[in-house]
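Numbering-wise, my numbering puts 493 at position 492 of the sequence shown, and it's gapless, one number per residue. Notes follow the structure.
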Amino acid sequence: NKTRNANITLRNEGNVNLTSIAARSSDNSVKYGSHHINFTYDYSRWIEPGQAGSINILFDINTSKTDNAAGLYTGWIYLEANESRPYRAFNVSIKLNLSERLRVVVASVTSPRGEDYINNYTIARNVTVKVKLYYLNGTEIVNASGSNRMGIGNFSIFLDESNTTYRRPTSGYLTITKGRSTLYYSDGYYINATIPKNTSGGRFYVNTSVTYKAKGLDYTGSGKYDSLAVRRPGLHVTFSRTSLSMNEGKTSNTLLNVSLRNYGLTRATGRVGLDGSDDNDCAYLTITAYDKYDDGANTKGPEFSAVTINGNNTERTWYRWRFTAANLTTGVTCTRKFNSTNPLLNNRSIDVTISNVNTGGSSDDSSSNSDDTGSSGDDTTAYNYSLRITAYPKVVQALPGEVVNASIAVKNVGNISTSVKTAVSIDDDITATTFPESQSIAQGITKNFTVQFNVSEDAALGNHSSKFKVYVALKTDRYNIQSFTFKVLSTPERELEINNSYLNKSLEFEKLLEDFMKVKDSGFFSIEDKNFTIVYSMVNDTKLALENAKAAIASGDYATAESLLKDVTANIGRIKDKMSTLNAARMAAESQAWGSLWVWIIIGIVIAGAIGLFIYMLLPPPGYDKKYGFTPAVGGTIMDKIIGLLKHEKISKLKSKVSDAANKAKSIKGKKPAAQKEAPSKEGPGKYQEGYEKHKHSGYKYENKKRRQ
2 NKTRNANITL RNEGNVNLTS IAARSSDNSV KYGSHHINFT YDYSRWIEPG
52 QAGSINILFD INTSKTDNAA GLYTGWIYLE ANESRPYRAF NVSIKLNLSE
102 RLRVVVASVT SPRGEDYINN YTIARNVTVK VKLYYLNGTE IVNASGSNRM
152 GIGNFSIFLD ESNTTYRRPT SGYLTITKGR STLYYSDGYY INATIPKNTS
202 GGRFYVNTSV TYKAKGLDYT GSGKYDSLAV RRPGLHVTFS RTSLSMNEGK
252 TSNTLLNVSL RNYGLTRATG RVGLDGSDDN DCAYLTITAY DKYDDGANTK
302 GPEFSAVTIN GNNTERTWYR WRFTAANLTT GVTCTRKFNS TNPLLNNRSI
352 DVTISNVNTG GSSDDSSSNS DDTGSSGDDT TAYNYSLRIT AYPKVVQALP
402 GEVVNASIAV KNVGNISTSV KTAVSIDDDI TATTFPESQS IAQGITKNFT
452 VQFNVSEDAA LGNHSSKFKV YVALKTDRYN IQSFTFKVLS TPERELEINN
502 SYLNKSLEFE KLLEDFMKVK DSGFFSIEDK NFTIVYSMVN DTKLALENAK
552 AAIASGDYAT AESLLKDVTA NIGRIKDKMS TLNAARMAAE SQAWGSLWVW
602 IIIGIVIAGA IGLFIYMLLP PPGYDKKYGF TPAVGGTIMD KIIGLLKHEK
652 ISKLKSKVSD AANKAKSIKG KKPAAQKEAP SKEGPGKYQE GYEKHKHSGY
702 KYENKKRRQ
């Protein structure tokens, strides 16, 4: 058991105190599959502007929790500060590489003549492999000695052809010896490896593994050299099918397609064919060459045909072979194997099942029958095509980006051999491939199919409802289906992405919410407005979804959180679209409101002018003052003043009429000079004068005329 410490610096680059920094983590542990390492941490909860804080992490590496499983253990710490802008939070991704691995560098592979190829025919050949070893921290392991001494037994070497699965030796490792007088010599470890005789041609990886014990720890590592050339032909064979069912006494409609490639470095010349000499039942099966395609040329060829193919995968040859079965008294299965006078990189064979049908039989093989019943002569034989999935996993689990296999067992519960295929119904972000693609299953026999699931990196977390289906190849209406659950598990990296997504969507929604509140508070919309009601509903739904996503993250349910955040993303997009419509309507309404407001402003100005005119009319004329200390009725109402003003005008006019009448009377009466007509007021009508008296001119002087006389 060990402890390791990590320190991470935090800086406040803003100009505001961060006073309440909060944190949470990936369950205080880093994980690798089902293994984990616990950690504790402390961090700065207050950081002033321009100052630095830190996160201190202490890892407790306990073998009871890691099971000595080497790997990259990952986790996270999530920090949040409300005062921080523009981002309130961020994730610290933690990756702890628990390893006892070595870095193995295969520097060179050479023949005794210093070449990077060999000519290998009937005898074994030696090559010299130069290896350099390093710890993962970059320290080279040089000439290990003492209790840590490196020996030839610490190394293992094998070859595999780079284009195929061909391996030398077939199992185990090559024979190796020291390549120099000492294993470590000058600048590396030198090892002689013996390549077995009759190795097929091709370009080979030289795979080298090393084990090394030091300080009580067992270190391991591997590396490979690309590439060692073996200068011989190397044919790789592909069959279109591995099994076929047919009836006795008939020729099959189904053909066997064979493709040949030469991955060797030299031309392949010789013969190829299907050999059944080690299977007595193959005496009942004859093979007829149907076609041969040689670089595009189509020719007829015999069962055992000549072939010429250039090397380095520059050419390809195809064959199509047809089978004819003899009459027999009981059903048999014949195995025919592909063979060649040239070296092969793989082995292929086909199993042909010949069924006894009592009298006569179908003219076609079972995989091409088109009817549910077949007949011959006066007899009728009923064929029942029926399949059943007898074993399958109820739940398949995988991580994003992982490839996993599942096996299903299929039994032919009918009464006739048939070619069977499988299909898998599953979500688009998970692909399923079945091996083999199809196979012939005799009545009462059970065979297995392997389904390989390839999970994309962005596959949705959680449960995916899926189905296995098996069916008769040429009768797709005869099938059996079983449901299963495919579960995509969470990883620390994915959890980190979900945390970041929650943070980003929360900030985006806050900004969107501010815009919506401006629209809401503008007063131009009501609940009856369709677009406004839709946005209002989506805003509430998004807010609730974010709250639920936060709760799901806190509880470790990242599948639910991811699903909710996808809904949030979709809602935010729809809200933005609707908000553009609402904002356009709001701007139009504001423009119309301002037009109406100007009308009322003008009306207000006119009313204010009228009130000002009335006030002016109620003021006394210039030069007038209170009369005999009498206070005018300025404290009266506006109507009092208006009535007084009108009364004054009426009296003035009446006095004028009386004066005119008196003057006329005097003129008639006599001979007395007419009274001087009262001069009209220079102030003009409309001025309020009641209770006021005109001032005397400031230049007025009193003169006693009588005294001067």
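All residues carry an ideal CB built from backbone N, CA and C; glycine is no exception.
Annotation for Ser253: Leu245, Met247, Arg323, Phe324 and Asp366 place their beta carbon closer than 7 Å to its own, counting only its chain and skipping 5 residues before and after.
Annotated three-state conformation of Met151 is coil, per DSSP.
A direct Cα-to-Cα measurement between Asn481 and Cys335 gives close to 29 Å.
Membership of Ile95 in the beta strand (DSSP E) is indicated by the continuous run Ala90 to Leu99. For Thr543, the enclosing alpha helix (DSSP H) stretches over residues Lys531 to Ser556.
Here the alpha carbon of Gly265 sits roughly 15 Å from the alpha carbon of Leu160. By the Cβ rule, the stretch 185-197 does not count as touching the stretch 70-81, because fewer than three pairs are nearer than 8 Å.
Under the 8 Å Cβ criterion, the stretch 107-116 counts as touching the stretch 225-235, having at least three qualifying pairs.
Boundaries cannot be given for Glu141, as no beta strand (DSSP E) includes it and DSSP labels it neither H nor E. Per the C-alpha coordinates, the member of Glu494, Leu345, Asn144 and Asp219 positioned closest to Ser187 is Asn144. Here DSSP, grouped into helix, strand and coil, assigns Ser306 to strand. Of all alpha-carbon atoms in Asp542, Val353, Ile409 and Ser418, the one lying nearest the alpha-carbon of Arg337 is that of Val353. Classified as buried, Pro401 has 16 or more neighbouring CB atoms from the shown chains inside 10 Å of its CB.
In the pairwise beta carbon analysis, the stretch 37-51 is classified as not touching the stretch 462-470: fewer than three pairs are separated by under 8 Å. Arg233 carries a coil assignment under DSSP once its states are collapsed to helix, strand and coil.
Met518 is classed as exposed because its beta carbon has fewer than 16 other beta carbons within 10 Å across all chains shown. Excluding sequence positions up to five before and after Thr451, its CB lies within less than 6 Å of the CB of Asn406, Ser408 and Phe436, all in the same chain and listed in chain order. Here DSSP, grouped into helix, strand and coil, assigns Val17 to coil. Here DSSP, grouped into helix, strand and coil, assigns Val569 to helix.
Distance check between Thr255 and each of Thr289, Ser100 and Thr270 places Thr289 closest, using alpha-carbon atoms only.
Relative to Phe305, the option among Asn385, Val414, Thr342 and Ala326 whose CA is nearest is Thr342. Annotated three-state conformation of Val259 is strand, per DSSP. The stretch 85-93 makes no contact with the stretch 29-37: fewer than 3 CB pairs, one atom from each, lie closer than 8 Å.
Phe205 is the residue among Lys395, Phe205 and Val396 whose C-alpha sits nearest the C-alpha of Asn164.
Ser201 counts as buried, since at least 16 other C-beta atoms from the protein chains shown sit within 10 angstroms of its C-beta.
For Thr10, no alpha helix (DSSP H) run applies; the uninterrupted beta strand (DSSP E) run containing it begins and ends at Lys3 to Arg12, by DSSP. Look at the beta carbons and you see the stretch 3-17 touching the stretch 57-68: at least three pairs across the two are nearer than 8 Å. For Asp522, the enclosing alpha helix (DSSP H) begins and ends at Pro493 to Asp522. Your pair Ile355 and Glu249 checks out as a contact, with CB atoms roughly 6 Å apart and the cut at 8 Å. Distance from the CA of Val273 to the CA of Asn281, rounded to the nearest whole angstrom, comes to 21 Å.
Restricting attention to Glu141, Leu137, Ala24 and Leu345, the CA atom closest to the CA of Leu236 is found in Leu345. The beta-bridge partner set that DSSP reports for Ile158 consists of Thr209. Where Thr336 is concerned, the enclosing beta strand (DSSP E) starts and stops at Val333 to Ser341. Counted as a single uninterrupted DSSP element, the beta strand (DSSP E) harbouring Thr176 occupies residues Thr176 to Lys179.
Cβ-Cβ distances below 6 Å link Val540 to Phe517 in the same chain, with the five nearest sequence neighbours on each side left out; the list follows chain order.
For Arg104, the secondary structure class from DSSP, reduced to helix, strand or coil, is strand.
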